[in-house]
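One structure is given here, and the rest of the page talks about it.
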Amino acid sequence: MSARTPEDVWTFSYEGFDPDEEGLREALCALGNGYFVTRAAAPEAAADDVHYPGTYLAGCYNRRVTEVQGRPIENEDLVNLPNWLLQTFRIGDGDAFRLSNVTVEDYRLRLDMRHGILTRSMSITDAEGRRTDLSERRLVHMGDKNLAALETTIVARNWSGPMTVVSGLDGTVTNAGVPRYRELDGRHLTPLVTSREGDDRILLVVETNQSHVRIAEAARVRLSRGGQRYETAPQVDERPGYIALEIPCEVEQDVPVTVEKTVVVSSSRERALSEPGYAALRKLERAAAFEDLVATQTAAWDELWRRAALDLNGGDEANRILLLHTFQTLQTVSPNSVDLDAGVGPRGLHGEAYRGHVFWDEMYIFPLLNRTFPHLTREMLLYRYRRLPEARRLAADEGLRGALFPWQSGSDGREETQVLHLNPKSGRWLPDVSHLQRHVNAAIAYNVWQYWEATRDLDFLGAHGAEILFEIARFFASLATYDDALDRYEICGVMGPDEYHTGYPWREDPGLDNNAYTNVMAVWLLSRALDVLQVLPALRRDELLTALAITGEELDLWKRITRKMRIVFHDGTISQFEHYDRLEEFDWEGYAARHGNIQRLDRILESEDDTPDRYRVAKQADTLMLFYLLPLGELRRLFAGLGYTLDDELVTRTIRYYAERTAHGSTLSAIVHAWVLGHIDSGQSWEFFEEALRSDVEDTQGGTTREGIHLGTMAGTVDLVQRAYLGLEIRNDALCFDPDLPAGLQSLGYTLLLRGHRVALELSGDELAVALDQSAPGALTVRMKEAAATLQPGARLTFELERRA
Numbered sequence: 002m003s004a005r006t007p008e009d010v011w012t013f014s015y016e017g018f019d020p021d022e023e024g025l026r027e028a029l030c031a032l033g034n035g036y037f038v039t040r041a042a043a044p045e046a047a048a049d050d051v052h053y054p055g056t057y058l059a060g061c062y063n064r065r066v067t068e069v070q071g072r073p074i075e076n077e078d079l080v081n082l083p084n085w086l087l088q089t090f091r092i093g094d095g096d097a098f099r100l101s102n103v104t105v106e107d108y109r110l111r112l113d114m115r116h117g118i119l120t121r122s123m124s125i126t127d128a129e130g131r132r133t134d135l136s137e138r139r140l141v142h143m144g145d146k147n148l149a150a151l152e153t154t155i156v157a158r159n160w161s162g163p164m165t166v167v168s169g170l171d172g173t174v175t176n177a178g179v180p181r182y183r184e185l186d187g188r189h190l191t192p193l194v195t196s197r198e199g200d201d202r203i204l205l206v207v208e209t210n211q212s213h214v215r216i217a218e219a220a221r222v223r224l225s226r227g228g229q230r231y232e233t234a235p236q237v238d239e240r241p242g243y244i245a246l247e248i249p250c251e252v253e254q255d256v257p258v259t260v261e262k263t264v265v266v267s268s269s270r271e272r273a274l275s276e277p278g279y280a281a282l283r284k285l286e287r288a289a290a291f292e293d294l295v296a297t298q299t300a301a302w303d304e305l306w307r308r309a310a311l312d313l314n315g316g317d318e319a320n321r322i323l324l325l326h327t328f329q330t331l332q333t334v335s336p337n338s339v340d341l342d343a344g345v346g347p348r349g350l351h352g353e354a355y356r357g358h359v360f361w362d363e364m365y366i367f368p369l370l371n372r373t374f375p376h377l378t379r380e381m382l383l384y385r386y387r388r389l390p391e392a393r394r395l396a397a398d399e400g401l402r403g404a405l406f407p408w409q410s411g412s413d414g415r416e417e418t419q420v421l422h423l424n425p426k427s428g429r430w431l432p433d434v435s436h437l438q439r440h441v442n443a444a445i446a447y448n449v450w451q452y453w454e455a456t457r458d459l460d461f462l463g464a465h466g467a468e469i470l471f472e473i474a475r476f477f478a479s480l481a482t483y484d485d486a487l488d489r490y491e492i493c494g495v496m497g498p499d500e501y502h503t504g505y506p507w508r509e510d511p512g513l514d515n516n517a518y519t520n521v522m523a524v525w526l527l528s529r530a531l532d533v534l535q536v537l538p539a540l541r542r543d544e545l546l547t548a549l550a551i552t553g554e555e556l557d558l559w560k561r562i563t564r565k566m567r568i569v570f571h572d573g574t575i576s577q578f579e580h581y582d583r584l585e586e587f588d589w590e591g592y593a594a595r596h597g598n599i600q601r602l603d604r605i606l607e608s609e610d611d612t613p614d615r616y617r618v619a620k621q622a623d624t625l626m627l628f629y630l631l632p633l634g635e636l637r638r639l640f641a642g643l644g645y646t647l648d649d650e651l652v653t654r655t656i657r658y659y660a661e662r663t664a665h666g667s668t669l670s671a672i673v674h675a676w677v678l679g680h681i682d683s684g685q686s687w688e689f690f691e692e693a694l695r696s697d698v699e700d701t702q703g704g705t706t707r708e709g710i711h712l713g714t715m716a717g718t719v720d721l722v723q724r725a726y727l728g729l730e731i732r733n734d735a736l737c738f739d740p741d742l743p744a745g746l747q748s749l750g751y752t753l754l755l756r757g758h759r760v761a762l763e764l765s766g767d768e769l770a771v772a773l774d775q776s777a778p779g780a781l782t783v784r785m786k787e788a789a790a791t792l793q794p795g796a797r798l799t800f801e802l803e804r805r806a
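Whatever position you read off the sequence shown (first residue = 1), add 1 for this note's numbering.
As structure tokens, this is what we get:
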């Protein structure tokens, strides 16, 4: 952390209770540790139209089948686990405290991102006029993946008398956090055990009813009054899937009563485990008191922030949001994620949108991890490697070779994309063909290569990464077809990242032909697969070629495709796909006037019995993804190898053309547009960056953040500031910079890890300093545009930058 970063930049606060905003706050202020995440729901609340308690464990999925329109629909969900937060109190014989049955004043919610602690405070007055102050602290422990704790302090301000604290574990929860999924079966948990373990401990054990993952939660609840332990005789409320202690207490005016609840969450997905219930109770016996947990929690987060903190513009509001984005990324993927065999989904572990499936969004997340915790990227890539046999089966089912990874992945790597999806605007269930987004395979190959570039982890490449690359290369080579008349290879019947376009309005079969992004990325990954053959030691290379039965003839095919893939152009731009020029222009102003927010134009048009397939519109960046992923010099070399010219005019015209025709129906779109506009229009680029920053904290997608954060956008904003504006890339074993600084970026400080070298970067005005840690294994070559310099361990280089006028 830079010394200039002010302390309050580490906090995210809300004043006043707002029922309409509660779901958003629950997602943004969720606490987690890479093993599980718990939404910031009120402990006294049950799931309703305002609140949605949810706890999600990495990789814990379960399948259910529901009949929709006369056909069985199977969906696999990331399971909502038992609610460990459950806690309330009642005064005398009154009703249990809920925000809805009291008058609330001075309500505050504060997320301390530096230490991973959420606090809530308020003053409440019940119907009898009794005023009570309430304050809470909670944590999900980053240093011990199974531990969580909640501390609640209750102070009676104008009354004394009996009070009963109710604190429990609720396993009767379902998956119901996304309204458009509620017609589908969300009952995933079967209760197995509820038991009281002594005066202050309870145990709940449940099991998912299809995947048979066993989850145990054990809780210890202790009271103190006036700072002294309060001994009492709790009662127990016990029924299938639910257990709670009811703890009586005599309250004295102005004397605080503190309830300390310590919880252990354990599951059969863990290693070195006998049985979850037994393990949870054993760990609970040894669990420290709340203040001691705060101390070890602080130490664990300090260790993470030493690698991941950043200072932007001396700690402005953008800095605060970037720290929130980094915080939530590390709560989703952390050192506790190691050996879990879990991927990383676009909504983190913060809600039920997309059912917790794994898409291509990891491509936006891994660059941040590559520079801070590269071993975590390795873990996420192993999730893909372990599902390589299923990917081979998917390819074979399509009559293709190699490995076809699914658009949506869950527990075992089969295609989890729904057959039908609900349009909430029209109320209709519609066919879903988004599994045709074969480009997810290019994204996986890209992730493997980027990890290799960042780490030079030859062990991983030889044991896992090369096999993934070769099998994806084999898939795209078999997907491509040769056109004799054109003397070109083509890829037909796919979807690009756009998602609005699923096919041609004049053709019955779904899918598009020669999507530029898919075709160019296929050429890129085939080239990288060929490069890997030169990188691997000869013995391992020969072993893989033999094991995979890759012949010289097949390698020759890969080389031919890298020289003869077809790219379509129209009007001096790269065509998003073949026949794009046959589509109609869209009435953007008219639709915006009628509908206001038209980010989900697909739903609007379908509700009007129309389709975006007819128009030159895009949900999000598609062709422009090429300029986001690949440096311009590399793109030019790819195009030149195919016999095409990619000059500055074509680049600029293509970026402008699609930027004007994109609805930005995905938060990822603002990231890509900020990136690709950086060298064309730095002012507009910064505007898109600020839009991406706001997307979750202001819920700009119209209520979607409450269903789960947009993790790709969160990590992507950090990557954008750290990498794009400095023009940072690794090229020819050098750390290269080609800055184009927007006016909004005045100072920036952060540390990155590159192939074992810890490098500190500090931008101040028009000066960039690059320092290499004293413990670095050797010197590092640094390039500023075309000038190169050698940076020795413990040394520092300073470069003067020129800002665009």
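All C-beta atoms, glycine included, are put in the ideal place defined by N, C-alpha and C.
Can you tell which of the options has the C-alpha that lies nearest to the C-alpha of residue i?
i, options, result
"A157", "T126, T175 and L170", "T126"
"A97", "H351, A46, D649 and A761", "A46"
"T1", "V214, E787, F18 and P632", "In the structure as shown, the chain starts at 2 and stops at 806, and residue 1 therefore has no counterpart that could be examined."
"G315", "L470, E763 and F738", "E763"
"E261", "R223, L746 and I248", "R223"
"R188", "I599, H351, L584 and V80", "V80"
"L370", "L754, R804, D312 and L773", "L754"
"L205", "T191, E251 and G35", "T191"
"G172", "R111, V722 and R240", "R240"
Have a look at residue i and residue j and give me their C-alpha separation to the nearest angstrom.
i, j, result
"P511", "P778", "53 Å"
"G403", "A693", "36 Å"
"S608", "S427", "5 Å"
"W160", "S124", "14 Å"
"M496", "R385", "21 Å"
"P178", "R695", "Residue 178 is actually Gly in this sequence, not Pro. Roughly 23 Å separates the two Cα atoms."
"L1", "L170", "Here the chain covers residues 2 to 806 and nothing more, so residue 1 does not appear."
"F831", "L643", "Outside the shown range of the chain, which is 2 to 806, sits residue 831, and nothing can be said about it."
"R139", "R595", "45 Å"
"A290", "E787", "57 Å"
"R797", "A780", "11 Å"
"A761", "A641", "36 Å"
"G717", "A735", "23 Å"
"P432", "E399", "19 Å"
"R732", "R457", "13 Å"
"R115", "A309", "11 Å"
Tell me whether the beta-carbon of residue i lies closer than 8 Å to the beta-carbon of residue j.
i, j, result
"H711", "P347", "yes"
"L639", "V524", "yes"
"V434", "I74", "no"
"D623", "Y518", "yes"
Counting along the chain, where does the alpha helix (DSSP H) carrying residue i start and finish?
i, result
"Q535", "A517 to V536"
"L712", "L712 to D720"
"R308", "F291 to A309"
"M381", "P375 to R387"
"H596", "W589 to H596"
Quick one: is residue i buried, meaning 16 or more other Cβ sit within 10 Å of its Cβ, or exposed?
i, result
"G93", "exposed"
"Y629", "buried"
"Q535", "exposed"
"A744", "exposed"
"N102", "exposed"
"G278", "buried"
"K146", "buried"
"D362", "buried"
"M566", "buried"
Assuming residue i is part of the beta strand (DSSP E), what are its boundary residues?
i, result
"K262", "V258 to S268"
"N442", "Segment H440 to T456 is the alpha helix (DSSP H) holding N442; no beta strand (DSSP E) there."
"Q332", "Counting along the chain, Q332 falls outside any beta strand (DSSP E), though it belongs to the alpha helix (DSSP H) covering E318 to T333."
"L792", "A788 to L792"
"P73", "R72 to N81"
Using 7 Å as the cut-off, classify the Cβ of residue i as near or not near the heavy atoms of the ligand SAH, replying yes or no.
i, result
"A309", "The model on display carries no ligand, and the ligand SAH is accordingly not part of it."
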